[in-house]
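Undergrad:
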Amino acid sequence: MTTLKHFPVTASAADILNELDLNGALVIEGFLTSEELDRLNAEINPALEKKPVNHAHPNAAVEFFHGPHTKHLTGVANVSDTFVNAVLLHPIFKLVGDQILLPNCSDYTLNLAHVLDRGPGSGDQLIHRDQDVWPRELTSAIGGHVQFASLIALSEYTADMGATRVVPGSHRWPHDRVPKPEEIVIAEMAPGSAVIYLGSTLHGAGSNRTDAVRRGMHTSFCLGWLRTEENSYLSISRERVRKMSRRAQELLGFGVHDGIAKGEGFLGAVDNGIPADMLAAGRL
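If you read the sequence shown in full-length UniProt numbering, its first letter stands for residue 1, the second for the next number, and so on.
Have a look at this one:
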């Protein structure tokens, strides 16, 4: 396989899910409309302009992972209504989440959403699996999917600009198998398109060999009982959360993971209640 398979945003659920099962990744063309793309960029631009080019991190390994020549914006839901309404609640994300995550949880949640402006000179990122942020013994024992993710092109997304490198089929590999160069494909796509991949699929950003900035948004969802990479509860003001739909609130961590019917627990409560209910009642 020399390229990732591309599908229109109107593709059938069966086509999308079958391709994810077969190759672990695919590109959705027109994931965002041109109007949504323009609004999203306009909403995040002011926050990104304030970010330093070389993002500092308290953990040196994470700082190295993201690399230099990169602006990094987290807490996207706090600055962009379009992210909440057009990305977080996108029907394709719901389709994939319902199908591959719900078998292992009562509900899933946003794991992380951030925008990366990778500038000229940014190098190849380590090829990795997103789900390795959690203990491998745990993810292996589950026997199913724990996460899926996407990278949305918010600018031109070409090989020379460092478009994401993906290893189709690697979600079925032994963990220690290293991809050969010919097994790595580049997810070139137009602005507004998205590459969607499983948490077990190998991938990594490419080198930006141009004079332009490559902007991409990484968004991932995980089982609702896992600790998330981004602490969304503290990344978003209460005023903004109160204005969101109930489902957006739940995906951002203001629901609970209710596994009582399966003999499990009731996770994420505040004063023994559901945070989203308390927001609606003005108690939070």
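Beta carbons: idealized from backbone N, C-alpha and C, even for Gly. What you are looking at is a predicted structure, and each value in this text was computed from that prediction instead of being measured.
Select from R240, L73, A153 and S220 the residue whose C-alpha is nearest the C-alpha of F31.
TA: For the purposes of this step, residue 31 is identified with residue 31 of the sequence shown, where counting begins at 1. Of R240, L73, A153 and S220, the residue nearest in Cα terms is A153.
Undergrad: CB V79 to CB A42, shorter than 7 angstroms?
TA: For the purposes of this step, residue 79 is taken as the residue at position 79 of the sequence shown. For the purposes of this step, residue 42 is taken as the residue at position 42 of the sequence shown. It is not a contact, given that the beta carbons lie outside the stated cut-off.
Undergrad: For L279, report the span of its alpha helix (DSSP H) as first-last.
TA: Looking up residue 279 in the sequence shown gives position 279. Looking at the DSSP string, the run of the alpha helix (DSSP H) that includes L279 is P275 to A280.
Undergrad: Please determine if the stretch 250-270 and the stretch 120-136 are in contact, where contact requires at least 3 C-beta pairs separated by less than 8 angstroms.
TA: Touching, no, given that fewer than three Cβ pairs across the two stretches are closer than 8 angstroms.
Undergrad: Beta carbon of E29, beta carbon of N111: below 7 angstroms?
TA: Residue mapping note: residue 29 aligns to position 29 of the sequence shown, counting from 1. Residue mapping note: residue 111 aligns to position 111 of the sequence shown, counting from 1. Going by C-beta atoms, E29 is not nearer than 7 angstroms to N111.
Undergrad: Determine the contact status of S170 and T139, defining contact as a CB-CB distance below 7 angstroms.
TA: Reading the sequence shown from its first residue, position 170 is the one you call residue 170. Reading the sequence shown from its first residue, position 139 is the one you call residue 139. For S170 and T139, no; Cβs fall outside 7 angstroms.
Undergrad: Round the Cβ separation of Q125 and A205 to the nearest angstrom and send it over; I've been treating them as touching at under 8 angstroms.
TA: Indexing the sequence shown from 1 puts residue 125 at position 125. Indexing the sequence shown from 1 puts residue 205 at position 205. That pair is a contact at about 4 angstroms.
Undergrad: Taking the continuous beta strand (DSSP E) assigned at S220, which residues delimit it?
TA: Here residue 220 corresponds to residue number 220 of the sequence shown, with the count starting at 1. Unbroken beta strand (DSSP E) run through S220: R214 to L223.
Undergrad: Does the structure place the stretch 182-192 close enough to the stretch 80-100 that three or more beta carbon pairs sit under 8 angstroms?
TA: Flag = no, the stretch 80-100 and the stretch 182-192 do not touch.
Undergrad: Going by DSSP, which residues form a beta bridge with R118?
TA: Reading the sequence shown from its first residue, position 118 is the one you call residue 118. T70 and R214, per the DSSP bridge assignment.
Undergrad: Cutting at 6 angstroms between CB atoms, please list the residues of its own chain near I184, excluding the five before and the five after it.
TA: As a first step, residue 184 must be located in the sequence shown, where it is residue number 184. Counting only Cβ-Cβ distances below 6 angstroms, and skipping sequence neighbours, we find R165 and V167.
Undergrad: Could you tell me which of N23, H203, F221 and Q99 sits nearest to A13, measuring between CA atoms?
TA: By 1-based counting over the sequence shown, the position of residue 13 is 13. Nearest C-alpha to A13: Q99.
Undergrad: Over what stretch of residues does the alpha helix (DSSP H) that includes P8 continue unbroken?
TA: For this step, residue 8 is matched to residue 8 along the sequence shown. No alpha helix (DSSP H) holds P8; the beta strand (DSSP E) holding it covers H6 to P8.
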